[in-house]
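Following: one structure in structure tokens, then a few remarks.
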Amino acid sequence: MSEKRSTPKIMCRAGELRKNQTPAEAKLWSRLRAHRLGGVGFRRQHAVGNYITDFCSPSKMLIVELDGSQHLEQGEYDAERTAFLVSKGYRVLRFYNNDVMKDIEKVLEVILENLES
Numbered sequence: 017m018s019e020k021r022s023t024p025k026i027m028c029r030a031g032e033l034r035k036n037q038t039p040a041e042a043k044l045w046s047r048l049r050a051h052r053l054g055g056v057g058f059r060r061q062h063a064v065g066n067y068i069t070d071f072c073s074p075s076k077m078l079i080v081e082l083d084g085s086q087h088l089e090q091g092e093y094d095a096e097r098t099a100f101l102v103s104k105g106y107r108v109l110r111f112y113n114n115d116v117m118k119d120i121e122k123v124l125e126v127i128l129e130n131l132e133s
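Here the numbering used here = 1-based position in the sequence shown + 16.
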């Protein structure tokens with residue numbers, strides 16, 4: 017699959033985001049990193065085109081996005097972004113930060129189910 021390379025500006029921003037994770041991102045990353053979930057590799061703050069995804073498994077074409085309360089106002093942007101990612105062949109899962117903080121096992125269960133499908 018031919019994928020448009022991300023710009024240096026996007027790559028720099030992804031690096032900044034990796035250094036400044038939210039508590040929910042850090043908690044989920046601790047469970048996804050180093051092939052800890054189903055032996056599948058994930059990248060955090062991974063650029064796809066001009067978008068930066070929270071977590072991406074390129075081999076499984078699966079993206080996991082965490083949404084905070086600010087995302088309630090970003091419905092149109094999120095829909096456009098998701099449409100782009102889906103057009104590139106990715107499946108996109110969305111969870112609220114609160115879901116990760118309160119019931120990470122359920123979040124991991126849903127991710128694992130999608131990795132296996």
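Heads up, the beta-carbon is just placed ideally off N, CA and C, and yes, glycines get one too. The model shown is predicted, which means the values in this text are computed figures rather than measured ones.
Open item on the list: Suppose you measure from the CA of residue 70 to the CA of residue 45; what does that come to, to the nearest Å?
Closed with: Those two C-alpha atoms are separated by around 9 Å.
TODO: Just tell me which of 73, 80 and 84 has its CA closest to the CA of residue 51.
DONE: Looking only at 73, 80 and 84, the smallest Cα-Cα distance to residue 51 is reached by 73.
TODO: Let me know if residue 90 comes out buried or exposed under the rule of 16 or more other beta-carbons within 10 Å of its beta-carbon.
DONE: Classification for residue 90: exposed.
- [ ] Report yes if the C-beta distance between residue 82 and residue 113 is below 7 Å; otherwise report no.
- [x] Closer than 7 Å, so yes.
- [ ] Determine the burial state of residue 132: buried for a count of at least 16 other Cβ atoms within 10 Å of its Cβ, exposed for fewer.
- [x] Flag for residue 132 reads exposed.
Task: DSSP beta-bridge partners of residue 26 - done: Its beta-bridge partners do not exist; DSSP assigns none.
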